[in-house]
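Quick notes on the structure that follows.
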Amino acid sequence: MSLRHHEIAESGHRILNPLVEGQLRLLGEVARVGPATRVLDLASGKGEMLCRWAEWFRSSGIGVDISEVFIAAARARAAELGVEDQVTFLRGDAAEYSAEPGAFDVASCLGATWIGGGLAGTIDLLRPAVRPGGLVLVGEPFWLETPPAAAVAAFGFAEDDYASLAGTLDRLEAAGLELLEMVLADHHSWDRYEAAHWATIADWLQANPGDPDHDAMRRFLDDERRTYLTWGYRYLGWGVFVTRPR
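Residue numbers (our numbering): 217 to 462.
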């Protein structure tokens, strides 16, 4: 799926992952975010986490994302909430962002571990940015139960791309992290993320019948909706894992 397709599908979203506002605040609380906390968020999307944490906890931070559309939305959100002096949003490839070593209290990547070629590679991107005792937050899918081959094929990735919750713990520990806390999506928050795509894309299709991406977006809508209802609801979980380098 192209970057433009993501920008269309998530044009109505503020949070570009399966968390709702209360869970986003809970995540800040369990990560002990406060006025002195400096946060780096790679693949930051529309910047809702950084902006709301700045509003709620008076934290500061930097977000990096490849989408000019999402970066513009993040900057507008920061201005709307009056936190533009606390957060900075940079357009660029998050995988190539060179953070000052040890400059952040929290480094995160929520739902975009493809930037590092998977969980371990993304942890390698995040870990150098945090101070000693700082936290690494990773948002990642996990299997609720072992999926059948048809489910894996429908999702479009390999079964071993992700693991069970216990298997995810194994992967975090193998990467040298200690799991301290987690905030997991539930069926309600998953629905709010996935079903909102359906309404947004359906409205876009109706309003843009002649767009070159019209047919591709129609296929994406049909496939995503059926895959979620047939397989995703049963087999795929998602969560943010709050960790500290050992």
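For every residue, glycine included, the Cβ atom is placed at its ideal position computed from N, Cα and C.
Please read these numbers as outputs of a predicted model, since none were measured by experiment.
Alpha carbon of residue i to alpha carbon of residue j, nearest angstrom
i    : j    : result
W272 : A365 : 43 Å
R293 : G327 : 20 Å
G337 : T329 : 8 Å
A370 : H221 : 18 Å
E226 : G277 : 23 Å
D301 : A270 : 10 Å
L256 : G318 : 11 Å
L266 : R441 : 29 Å
D402 : G448 : 12 Å
Y409 : G349 : 33 Å
G334 : P251 : 32 Å
S405 : Y444 : 13 Å
Burial state of residue i, where buried means 16 or more other Cβ atoms lie within 10 Å
i    : result
L219 : exposed
H430 : exposed
F358 : buried
F286 : buried
G308 : exposed
A247 : buried
A289 : buried
F373 : exposed
N424 : exposed
S314 : exposed
P428 : exposed
T459 : buried
T253 : buried
A345 : buried
D419 : exposed
Q422 : exposed
Cβ-heavy atom distance, residue i to the ligand NAD, below 7 Å
i    : result
L235 : As for the ligand NAD, it is missing from this structure, which has no ligand bound.
Residue i, enclosing beta strand (DSSP E) - first and last residue
i    : result
E394 : L393 to L400
W454 : L452 to P461
The alpha helix (DSSP H) enclosing residue i, as first and last residue numbers
i    : result
R291 : E284 to L297
E356 : From DSSP, E356 is part of no alpha helix (DSSP H) but of the beta strand (DSSP E) over V346 to W359.
D429 : Careful: D429 lies outside any alpha helix (DSSP H) and carries neither H nor E.
A315 : Run containing A315: none; DSSP gives neither H nor E here.
L385 : L381 to A390
H221 : L219 to A225
R241 : E237 to V246
F371 : A365 to F371
8 Å contact criterion, which residue i and residue j should meet: CB distance rounded
i    : j    : result
L395 : F457 : 6 Å
A259 : A310 : 5 Å
L360 : R450 : 7 Å
S275 : V249 : 5 Å
V354 : I339 : 7 Å
L242 : V399 : 6 Å
G263 : V303 : 7 Å
L388 : P461 : Actually they do not touch by this definition, with Cβ atoms about 10 Å apart.
is_contact[residue i, chain C] using C-beta, thresh 8 Å
i    : result
V399 : Although the question refers to chain C, the structure presented lacks it and comprises just one protein chain.
Identified DSSP bridge partners for residue i
i    : result
R254 : S276
V303 : G277
F320 : V346
L326 : G355
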